[in-house]
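In the numbering used here, the protein residues as written are 11 to 305. Even glycine gets a Cβ: it sits at the ideal position worked out from N, Cα and C. This one's a predicted model, so the numbers in the text were calculated from it and none came from an experiment. Comments concern the structure below.
So this is what it looks like as structure tokens:
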């Protein structure tokens, strides 16, 4: 019986070639061998680098493909191009500064024992150069819609059933942040998820990989909440969680008026809750400690 083809999409934007090579080799060197790799270049304006990336793809197996956007269009557009190009039954997305363990695809495929499963995920290590910490190890399975309205611990390294990704229309290119959360939340409306308790990747946190554009965070958050407003009406606890955490993040970033706005939205849902005091206090303390928001 022919093994299912797995498509791996690596989007790249102005990344040093040796870092991109590390990601590419971690995709190629999988224990599961029926794969195709699609590199999508989202910065064709740099003609020299574009040629170097194209040449890099020729050094590997024949099922490594190079594709280029017509112009810089953002990660969502680039990933959607990868979805269009993919020939596999399953698909995974790899950022150009992260890396997979060799068992990643083989392990996550174990989660697709039933047709109702549209996503399989595993723990991964978060590495900031000083501390290497295991993340996404809560072990949730099945219908995860309400859970995904709260947070998205699995955004980085899932394996998807590609027909489900296409069914929901791929990534929303209007979002300025929370793109992965939006995709997986919409997926949770149409299928179940499977968790495999084996770490399969490194998420490498660097200055380049940390988003510091607070305006985009605010715009993306507001768009996300408005888009999924009907769901949050059904799950007010999740709405409260989102508002009070955003209050915390805004105060951590030094955006006092925005923090107060989200705090008022939270207390309208739960006027008497200890987190109404704790989260703003934590935000102010983190600001004094010069810690990063959204961390």
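(message) Which of the three DSSP states is assigned to residue 314 in this structure?
(response) Any question about residue 314 goes unanswered here, given that the chain covers just 11 to 305.
(request) Quickly, what does DSSP pair residue 109 with across the bridge? List them, please. (result) Residue 109 pairs with 212.
(request) Check whether the segment 126 to 138 touches the segment 199 to 206, counting contact only when three or more Cβ pairs, one atom from each stretch, lie closer than 8 Å. (result) yes
(request) Run the CB neighbour count on residue 74, radius 10 Å, all protein chains shown included, and call it buried at 16 or more, exposed below. (result) buried
(request) Using the Cα positions of residue 110 and residue 210, report the straight-line distance between them to the nearest angstrom. (result) 6 Å
(message) DSSP has residue 170 in a bridge; who is on the other side?
(response) Answer by DSSP bridge pairing, in chain order: 101 and 129.
(message) Report the start-end ranges of each alpha helix (DSSP H) in the segment 245 to 277 that is 4 residues or longer and not cut off at the edges.
(response) If we require 4 residues or more, the alpha helix (DSSP H) runs fully inside the segment 245 to 277 come out as 246 to 263.
(request) Go to residue 232, then tell me how far its alpha helix (DSSP H) extends in each direction, as first and last residue. (result) That run of the alpha helix (DSSP H) goes 224 to 237.
(request) Take residue 175 as the anchor and find which of 261, 78, 31 and 92 has the nearest alpha-carbon. (result) 92
(request) Compare the Cα-Cα distances from residue 67 to each of 84, 28 and 83 and report the closest residue. (result) 28
(request) Classify residue 72 as buried or exposed, calling it buried when 16 or more other Cβ atoms lie within 10 Å of its own Cβ. (result) exposed
(message) Can you tell me whether residue 152 is helix, strand or coil according to DSSP?
(response) strand
(request) Kindly indicate which three-state DSSP category residue 144 falls into: helix, strand or coil? (result) strand
(message) Using only the alpha-carbon positions, how far apart do residue 259 and residue 161 sit?
(response) 14 Å
(request) Give the single residue among 155, 230 and 224 whose Cα lies nearest to the Cα of residue 194. (result) Here the closest residue by C-alpha is 155.
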